[in-house]
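Visitor:
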Amino acid sequence: MNNNENITEIVKEEILRINLFYIHFLHSPPVAPCVEFLKKQASKLGLPSKVYYPAQETKPVVVITWKGTQPDMPSVILNSHMDVVPVFPEMWKHKPFSADIDKDGKIYARGTQDMKCVGMQYLAAIRALKSGGATLKRTLHIMYVPDEEIGGHLGMEAFVKTDDFKTLNAGFSLDEGLASETEIYPVFYAERSIWQIHFKINGNAGHGSLLLNNTAGEKLHYLLDKMMAFRKAESLRLQLNPHLNIGDVTTVNLTRVSGGVQSNVIPPQLEAVFDIRLAIHIDHKEFEKKLLN
1 MNNNENITEI VKEEILRINL FYIHFLHSPP VAPCVEFLKK QASKLGLPSK
51 VYYPAQETKP VVVITWKGTQ PDMPSVILNS HMDVVPVFPE MWKHKPFSAD
101 IDKDGKIYAR GTQDMKCVGM QYLAAIRALK SGGATLKRTL HIMYVPDEEI
151 GGHLGMEAFV KTDDFKTLNA GFSLDEGLAS ETEIYPVFYA ERSIWQIHFK
201 INGNAGHGSL LLNNTAGEKL HYLLDKMMAF RKAESLRLQL NPHLNIGDVT
251 TVNLTRVSGG VQSNVIPPQL EAVFDIRLAI HIDHKEFEKK LLN
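Letter by letter, the sequence shown follows residues 1 to 293 in the UniProt record's numbering.
Here's what the structure looks like:
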């Protein structure tokens, strides 16, 4: 086995070993067990780690540092996130945080792809490089943030505004990227804009036995028709043009509807939330005008 094959085997074994542990953390308060796990991994690599709390105690940012031979040069950040989206256990064949492995070696758990695998690949690659005696010219920071799935406002957004972040002397950062099953690594040169829009719809309230005009429900119906018509048009564009992929169209999804107090009362307000990912060619101001109209 040559040195490259050796390193490949080390990486594979290390990814599997630490990923199986990392997956078990649900990443909702308390987060201390996950933070301690990452600190322990850093210690095993002989690397220092620091935990920052830029906004609140329940939203820590973990930074593991591999110092370069020329630490005054701008550093490189490899970023990933600890949190995952919620689970609906009844929809799973495997327990969401059990890290079950099937006969083909696939790991089943929430966050295996987005993006615990990448966070562990960083550490596995470092172990392989260090075992081969590699050194880096620039300092490398491995960063684990707490709330990417809900916007990152109390994690990365707050952290970049601090003096602690400035001391990292960041010159380049690789943000969230997904694992590749082959040795081909796709590069994404642009990203759609995330708009999560909350429509609060007011209307006449009253008893459920009446046929009131101008109710919140009627207005919601109108809104849904308009939004879903736009969604269908974008879906058709994607289906009919073989040169387009999902990143070339605007996606629209109704993610939450709320309101009302009880089943026989017409509510004075309903709320609808849409997750919209604007295609890169969309003019934001023009799209906002469409929404307002």
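Even for Gly, the Cβ is constructed at its ideal location relative to N, Cα and C.
Every value quoted in this text rests on a predicted model; they were computed, and no experiment measured them.
Measure how close the beta-carbons of residue 130 and residue 69 come, nearest whole angstrom, since I'm counting them as under 8 Å.
Guide: What you label residue 130 is simply residue 130 of the sequence shown in a count that begins at 1. What you label residue 69 is simply residue 69 of the sequence shown in a count that begins at 1. With 8 Å as the limit, residue 130 and residue 69 do not qualify as a contact, their Cβ atoms being about 14 Å apart.
Visitor: Which complete alpha helix (DSSP H) runs does the region 182 to 228 hold, if anything under 4 residues is left out?
Guide: With a minimum length of 4 residues, no continuous alpha helix (DSSP H) run stays inside the region 182 to 228.
Visitor: Starting from the Cα of residue 262, find the closest Cα among 207, 223 and 243 and give me that residue.
Guide: Taking the first residue of the sequence shown as position 1, residue 262 is located at position 262. Cα-wise, what sits closest to residue 262 is 207.
Visitor: Taking 7 Å as the cut-off, decide whether the C-beta atoms of residue 203 and residue 226 are in contact.
Guide: The residue given as residue 203 occupies position 203 in the sequence shown. The residue given as residue 226 occupies position 226 in the sequence shown. Their beta carbons are not under 7 Å apart, which means residue 203 does not touch residue 226 by this criterion.
Visitor: Using 8 Å as the threshold, is the region 111 to 131 in touch with the region 68 to 86, meaning 3 or more CB pairs across them?
Guide: A contact exists between the region 111 to 131 and the region 68 to 86.
Visitor: Between residue 110 and residue 76, how many whole angstroms is the CB-CB distance? I'm expecting something under 8 Å.
Guide: On the sequence shown, residue 110 is found 110 positions in, with the first residue counted as 1. On the sequence shown, residue 76 is found 76 positions in, with the first residue counted as 1. Wrong, their Cβ atoms sit about 29 Å apart, outside the cutoff.
Visitor: Can you say whether residue 163 is buried or exposed, counting buried as having 16 or more other CB atoms within 10 angstroms of its CB?
Guide: Translated into positions along the sequence shown, residue 163 becomes position 163. Flag for residue 163 reads exposed.
Visitor: Measure the alpha-carbon distance for residue 73 versus residue 104 and round it to whole angstroms.
Guide: Against the sequence shown, residue 73 aligns to sequence position 73. Against the sequence shown, residue 104 aligns to sequence position 104. Using only the alpha carbons, I get a separation of about 44 Å.
Visitor: For residue 51, name the three-state secondary structure that DSSP assigns.
Guide: Position 51 of the sequence shown holds residue 51. Three-state DSSP puts residue 51 in a strand.
Visitor: Check whether the region 184 to 196 and the region 269 to 276 touch, using three or more Cβ-Cβ pairs below 8 Å as the test.
Guide: Taking 8 Å as the limit for Cβ pairs, the verdict is that the region 269 to 276 does touch the region 184 to 196.
Visitor: How big is the Cα-Cα spacing for residue 170 and residue 46?
Guide: As a position in the sequence shown, residue 170 is number 170, starting the count at 1. As a position in the sequence shown, residue 46 is number 46, starting the count at 1. Each residue's Cα considered, the two are about 22 Å apart.
Visitor: Looking at the structure shown, is residue 139 part of a helix, part of a strand, or coil, going by DSSP?
Guide: Position 139 of the sequence shown, counted from the start, is the residue given in the question as residue 139. In this structure, residue 139 counts as coil in the three-state DSSP scheme.
Visitor: Please name the residue in 38, 284 and 269 whose C-alpha comes closest to that of residue 199.
Guide: To locate residue 199, count along the sequence shown from 1; it is residue 199. Ranking the options by Cα distance to residue 199, first place goes to 269.
Visitor: What does the Cβ neighbour count give for residue 85, buried or exposed, with the cut at 16 atoms within 10 Å?
Guide: Residue 85 sits at position 85 when you count from the first residue of the sequence shown. Exposed, because fewer than 16 other Cβ atoms sit within 10 Å of the Cβ of residue 85.
Visitor: What three-state label does DSSP hand residue 112 in the structure shown?
Guide: By one-based count along the sequence shown, residue 112 stands at place 112. Three-state result, residue 112: helix.
Visitor: Suppose the cutoff is 8 Å on Cβ atoms and the five residues either side in sequence are ignored; what does the same chain contact list for residue 222 look like?
Guide: If you number the sequence shown from 1, residue 222 lands on position 222. Nothing listed; no residue qualifies.
Visitor: Among residues of its own chain, excluding the 5 on either side of residue 94, which ones have a beta-carbon nearer than 8 Å to its beta-carbon?
Guide: As a working note, residue 94 is residue 94 in the sequence shown. Excluding sequence neighbours, residue 94 sits near 100, 108 and 109.
Visitor: By the three-class DSSP mapping on this structure, what secondary structure does residue 2 have?
Guide: By 1-based counting over the sequence shown, the position of residue 2 is 2. Confidence at residue 2 is low in this model, with a pLDDT of 48, below 50, so its placement is unreliable and no value can be given for it.
Visitor: Look up residue 81 in the DSSP assignment and say whether it is helix, strand or coil.
Guide: One-based indexing of the sequence shown puts residue 81 at position 81. In this structure, residue 81 counts as strand in the three-state DSSP scheme.
Visitor: Sort out for me which residues DSSP pairs residue 160 with in a bridge.
Guide: Counting from 1 along the sequence shown, the entry for residue 160 is found at position 160. Partner(s): none; residue 160 has no beta bridge.
Visitor: What residue from 113, 34, 126 and 60 has the CA that sits closest to residue 66's CA?
Guide: Position 66 of the sequence shown holds residue 66. Closest by alpha carbon: 126.
Visitor: Going by Cα to Cα distance, which pick from 139, 148 and 259 is closest to residue 205?
Guide: The sequence position of residue 205 within the sequence shown is 205, counting from 1. The shortest C-alpha separation from residue 205 is found at 259.
Visitor: Looking at the structure shown, is residue 248 part of a helix, part of a strand, or coil, going by DSSP?
Guide: Residue mapping note: residue 248 aligns to position 248 of the sequence shown, counting from 1. Residue state, collapsed to three classes: helix.
Visitor: For the candidate residues 246, 228, 51 and 96, whose alpha-carbon lies nearest to that of residue 255?
Guide: Translated into the one-based positions of the sequence shown, residue 255 becomes position 255. Per the Cα distances, 228.
Visitor: Name the DSSP beta bridge partners of residue 241, please?
Guide: Within the sequence shown, residue 241 is the residue found at index 241, counting from 1. In the DSSP output, where bridge partners are listed per residue, residue 241 has none listed.
Visitor: Taking all protein chains shown into account, do 16 or more other C-beta atoms lie within 10 angstroms of the C-beta of residue 143, making it buried, or fewer, making it exposed?
Guide: In the sequence shown, residue 143 corresponds to position 143, counting from 1. Classification of residue 143: buried, given that the 10 Å Cβ count is 16 or more.
Visitor: Output yes or no for whether 7 Å exceeds the beta carbon distance between residue 55 and residue 154.
Guide: Position 55 of the sequence shown, counting from 1, holds the residue named residue 55. Position 154 of the sequence shown, counting from 1, holds the residue named residue 154. A contact, by the Cβ cut-off of 7 Å.
Visitor: On the DSSP letters alone, give me the boundaries of the alpha helix (DSSP H) that residue 286 sits inside.
Guide: Within the sequence shown, the letter at position 286 stands for residue 286. Note, residue 286: alpha helix (DSSP H), 284 to 292.
Visitor: Quick one, which of 245, 140, 133 and 281 has its alpha-carbon nearest residue 167's?
Guide: On the sequence shown, position 167 is the one that residue 167 refers to. Cα-wise, what sits closest to residue 167 is 140.
Visitor: If you draw a straight line from the alpha carbon of residue 239 to that of residue 282, how long is it in whole angstroms?
Guide: The residue given as residue 239 occupies position 239 in the sequence shown. The residue given as residue 282 occupies position 282 in the sequence shown. Going from the Cα of residue 239 to the Cα of residue 282 covers about 19 Å.
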